[in-house]
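Residue numbers (this note's numbering): 30 to 199.
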């Protein structure tokens, strides 16, 4: 009986699963550089910087510092577009905001690029209308109410992409 219990314990302990990884555990601090904005949409870089700084301060395992960081994030906002998705009764009911980014995450301790995406396109819909139901009366997915809210969601999604593709290495 002891052998069976021991065997079961080994199997249970050996098969543990976690979504938290130890990838790049040597990285303890990060510097988030303000992205260069080459679009005509002013202040996007400030909004993006504010969101990334807030997210790294509150949700990431890396300490946010400006000098002598172990790694850095830098990039460019390459393109910004807004297009109409849906009209209704002479008004625009729904838009889509798209932002094209060039993002690089670099390990400064080992002088190596961990993740780079030169053409990352993120998009989000928004609607100025109060209607959140489709024609059949079913609830639609919750979409942003304003263009700024859509931009914020895009930048939060960028943070998630950075974490998923760099620090959560499988």
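Every residue gets a Cβ at the ideal spot worked out from N, C-alpha and C, and that includes glycine.
In the three-state scheme derived from DSSP, where H, G and I count as helix and E and B as strand, residue 67 is classed as coil. The Cβ-Cβ distance between residue 111 and residue 64 does not fall below 8 Å. DSSP, reduced to helix, strand and coil, places residue 96 outside both helices and strands of the structure shown, so it counts as coil. The continuous beta strand (DSSP E) containing residue 143 extends over residues 141 to 155. Taking each of 60, 133, 147 and 55 in turn and checking the Cα distance to residue 95, the smallest one comes out for 60. Residue 184 is bridged by DSSP to nothing; it lacks a bridge partner.
Around the beta carbon of residue 92, a 10 Å sphere encloses fewer than 16 other beta carbons of the protein chains shown; the residue is thus reported as exposed.
Per the C-alpha coordinates, the member of 156, 119 and 192 positioned closest to residue 176 is 156.
Boundaries of the alpha helix (DSSP H) harbouring residue 87: 73 to 88, taken from the DSSP string.
In this structure, residue 62 lies near residue 101, with their beta-carbon atoms less than 8 Å apart. Judged by DSSP in its simplified three-state form, residue 197 adopts coil rather than helix or strand. Residue 80 and residue 140 have their C-alpha atoms roughly 26 Å apart.
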